[in-house]
Structure formats: structure tokens, C-alpha cells
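J.: Per my numbering, the sequence shown starts with residue 2, numbered consecutively. Beta carbons are placed, not taken as given, at the ideal position from N, Cα and C, and that holds for glycine. Let me begin by handing over the structure; questions about it come next.
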Amino acid sequence: MPGAVELSDGRARLVLAPEKGAAIARYDALAIGGEPVPLLKPGDGIGTSGCQLLVPWSNRISGGGFEFDARFHAVAPNVPGEAFPIHGDGFQKPWRLARQTDTEAELVLDEGAIGPYRYAASVTYALQDGALEARVTVENRAGMRLPYGLGFHPWFPRGGKTLLKAKAKRVWLEDERHLPVGVVPVGERPAWDFARPIPLPQGWVNNAFDGWDGRASIAQLDDGIKITLSASPKLDVYILYSPSPDAGFFCFEPVSHPVDAHHGEGLTVLGDGQTMSATMRLEWAVVRAG
């Protein structure tokens with residue numbers, strides 16, 4: 002992959018794609034007894050594999066834009082086939098490599114620009130004893146106050162023995178446009194209550210869960226691996242995208258706000274020059290069946 006950046010600490014390997022939104026293309030566990038085990042769905046990080054950065058917001062904005070400080074800000078759709086602008090533009094832009102060691106890299110986006118947003122962003126990826134920590138920061142350079150959001154969009158392999166644990170209080174329901182149409186306690190949807198490790202649902206899931214405690218675990222029992230995900234307090238919502246059992250993947254996205262928050266709540270208002278940051282950490286361990 003042209004321009005790829007590879008990091009390794011002996012227990013894990015990380016491949017980054019600066020030209021493709023500073024995405025993670027691969028994150029593999031090493032030294033398990035043979036071939037590397039993919040912890041994320043391997044690929045080139047273009048949007049159906051690896052992990053993308055969500056900046057300066059996560060998910061969709063309806064209504065052609067949003068009103069803020071008594072002014073309407075238009076935002077056009079940015080992905081073919083999508084009716085609404087989605088996930089900002091950080092994942093669509095090339096980032097530059099600012100710093101690299103064997104186990105750490107910093108990448109920078111100097112000129113993010115979508116709708117009213119003008120911003121700079123940076124992300125640091127670091128490996129330590131096989132664990133991955135990613136920290137993303139955004140700086141408002143729009144010359145006015147604007148509401149911002151951040152998130153990570155990792156794609157995980159889904160096998161026949163994949164279990165998810167991610168305790169939350171509520172789940173947002175969606176309509177056919179993938180916009181929220183109400184919120185219910187997770188207990189009203191037992192197949193979506195991941196307070197204990199359970200298999201992913203058989204049917205379509207593309208929903209935001211809030212009241213999340215910032216921790217999740219993914220047991221890949223076919224591979225004998227358990228992944229623990231932790232997120233900083235700013236990321237108190239997760240979005241679960243799981244289209245079907247035969248898709249071969251699912252997404253677990255730690256984000257800072259629900260879907261279409263520009264017409265609701267959860268975004269962080271930044272004045273010109275102000276910043277916000279968020280962190281995601283992935284750790285893995287070998288587990289034995291039974």
C-alpha cells in the first residue's frame with residue numbers, strides 16, 4: 002500500500018494509511034503460535050476495514066445542515082449513495098506523517114474543511130506490549146463558535162463464536178433513513194442488551210447506545226482472542242453496526258454524541274482556536290475455549 006506506515010512492538014503490528022484519512026489498515030496480534038491474527042478486519046482502511054477517524058463529527062446530519070448561534074450552516078452530502086453528510090471529512094483527506102518511531106506515529110491534517118468547518122486535527126497511534134492507544138485532537142479554525150464531535154470507526158471480524166459485552170442504558174431507534182426516531186431502555190431490546198457477553202443479533206443493527214461506561218470486550222473464540230476496548234469519558238456513546246451474521250464483520254464505534262446530534266444534543270461547542278481530544282485503547286489477550 003503506497004505510503005503505508007508500519008509499527009511493531011513484537012506482540013502486535015499496526016499498519017497505517019496516511020493518504021487515506023490516517024486510517025488503520027491492519028492491527029494484528031503476533032507471536033501466538035503461527036500466523037498473525039487480525040484484531041481488526043484487515044484491508045486498506047478505505048471505509049470497510051481497519052479503523053477510520055471521525056472528525057469533526059460522527060455519523061449523519063439531516064436537513065441539509067444545521068442552525069447554530071442563530072445562523073444556518075449548510076452541509077452537503079459527502080459520500081456517494083448517502084443522502085446526508087456523514088462522518089465529517091477527516092477520513093476522506095490525506096494526512097501527513099509528523100513523527101514516527103518503531104512503536105509510535107503522529108499524523109496531522111492541517112486543513113480540514115467541510116460545510117462551515119475549518120479545522121486542524123492530529124492523531125497519535127502507539128503500541129505498548131501489544132496494546133494500541135489512539136488519541137485524536139481537533140482544533141476549531143473556523144473563526145467562529147461551532148459544535149464539534151469526535152469518534153473512532155473500527156471494523157472487527159465477525160465469526161460464528163464472536164461475543165460482545167458493552168453495557169449501556171439506552172438505545173436509539175432508527176428509521177429507514179438511518180436517523181433517530183426515539184430512544185428506549187436497553188432492557189426493552191434483550192437481543193441488544195450487552196451487559197454480559199452475548200452473540201451479536203441475527204438481524205440488522207445500526208443503532209447508537211448511550212449511558213455507556215466506556216468499556217467493551219469482544220471475544221473471538223474461533224481465534225482464541227479477547228479484545229478489550231476502553232474509551233475516554235468524552236466518548237460516552239457507541240454505535241453498533243452489524244448488518245447480518247454472514248457479513249463477516251461488525252463495527253463498534255466509540256463516539257462523542259448520538260446520530261444527528263446537530264439537531265439534538267451531545268456535541269461540544271468550541272470557540273475559534275479551542276480544541277477537544279478523545280482516546281481509544283485496544284488490548285488483547287489469549288483465551289482458552291471452555
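Using 8 Å as the cut-off, can you tell me whether the region 156 to 168 makes contact with the region 192 to 201, which would need three or more C-beta pairs spanning the two stretches below that distance?
T.: At 8 Å Cβ cutoff, the stretches touch.
J.: Considering only the alpha carbon of each residue, which of 227, 6, 67, 244 lies closest to residue 103?
T.: Translated into the one-based positions of the sequence shown, residue 103 becomes position 102. That would be 6, whose Cα lies nearest to the Cα of residue 103.
J.: Return helix, strand or coil for residue 3, following the three-state DSSP convention.
T.: In the sequence shown, counting from the first residue as 1, residue 3 sits at position 2. Coil at residue 3, not helix or strand.
J.: Answer with buried or exposed for residue 288, where buried requires no fewer than 16 other C-beta atoms within 10 angstroms of its C-beta.
T.: Residue 288 sits at position 287 when you count from the first residue of the sequence shown. Classification of residue 288: exposed, given that the 10 Å Cβ count is below 16.
J.: Out of curiosity, what's the CA-to-CA distance linking residue 253 and residue 237?
T.: Counting from one through the sequence shown, the residue named residue 253 turns up at place 252. Counting from one through the sequence shown, the residue named residue 237 turns up at place 236. Their Cα atoms are separated by approximately 13 Å.
J.: Quick check: residue 235 and residue 279, are their CB atoms within less than 8 Å of each other?
T.: As a position in the sequence shown, residue 235 is number 234, starting the count at 1. As a position in the sequence shown, residue 279 is number 278, starting the count at 1. Contact: yes.
J.: Would residue 195 be called buried (16 or more neighbouring beta carbons within 10 Å of its own) or exposed?
T.: Stepping through the sequence shown from its first residue, residue 195 is reached at position 194. It is buried - the Cβ of residue 195 has at least 16 other Cβ atoms within 10 Å.
J.: What is the residue span of the beta strand (DSSP E) that residue 1 lies within?
T.: The structure shown does not extend to residue 1, since the chain is modelled only from 2 to 291, so the question has no answer here.
J.: Assign residue 40 to one of two classes, buried (16 or more other C-beta atoms within 10 Å of its C-beta) or exposed (fewer than that).
T.: In the sequence shown, the residue the question calls residue 40 occupies position 39. It counts as buried.
J.: Taking the DSSP output, what are the residues bridged to residue 273?
T.: Counting from one through the sequence shown, the residue named residue 273 turns up at place 272. In DSSP, residue 273 forms no bridge with anything.
J.: Should residue 57 be labelled buried (16 or more other beta-carbon atoms within 10 Å of its own) or exposed?
T.: Mapped onto the sequence shown, residue 57 falls at position 56. Flag for residue 57 reads buried.
J.: Please name the residue, chosen from 249, 82, 218, that lies closest to residue 159 on a Cα-to-Cα basis.
T.: Along the sequence shown, read from residue 1 onward, the residue named residue 159 stands at position 158. With distances taken between Cα atoms, residue 159 lies closest to 249.
J.: On the DSSP letters alone, give me the boundaries of the beta strand (DSSP E) that residue 154 sits inside.
T.: Against the sequence shown, residue 154 aligns to sequence position 153. Unbroken beta strand (DSSP E) run through residue 154: 152 to 158.
J.: Report yes if the C-beta distance between residue 134 and residue 127 is below 8 Å; otherwise report no.
T.: Here residue 134 is taken as the residue at index 133 of the sequence shown, counted from 1. Here residue 127 is taken as the residue at index 126 of the sequence shown, counted from 1. Taking 8 Å as the Cβ cut-off, residue 134 and residue 127 qualify as a contacting pair.
J.: What's the C-alpha gap between residue 284 and residue 47?
T.: On the sequence shown, position 283 is the one that residue 284 refers to. On the sequence shown, position 46 is the one that residue 47 refers to. Straight-line Cα distance between these residues: approximately 23 Å.
J.: Quick one: residues in its chain with C-beta nearer than 8 Å to the C-beta of residue 14, no 5 flanking neighbours on either side, listed in chain order?
T.: Residue numbering aside, residue 14 sits at position 13 when the sequence shown is read from its first letter. So the list reads 7, 8, 27, 28, 29, 31, 37, once near-sequence residues are dropped.
J.: Which runs of the beta strand (DSSP E), 3 residues or longer, sit entirely within the region 40 to 120?
T.: Counting only runs of 3 or more, we get 52 to 55, 66 to 69, 72 to 75, 97 to 101, 105 to 115.
J.: Going by DSSP in three states, residue 132 sits in which element: helix, strand or coil?
T.: As a working mapping, residue 132 is identified with position 131 in the sequence shown. In this structure, residue 132 counts as strand in the three-state DSSP scheme.
J.: Starting from the N-terminal side, write out each stretch of the beta strand (DSSP E) that is 3 residues or longer and does not extend beyond the region 174 to 228.
T.: As for any beta strand (DSSP E) of minimum length 3 sitting wholly inside the region 174 to 228, the runs are 181 to 186, 206 to 211, 216 to 221, ordered along the chain.
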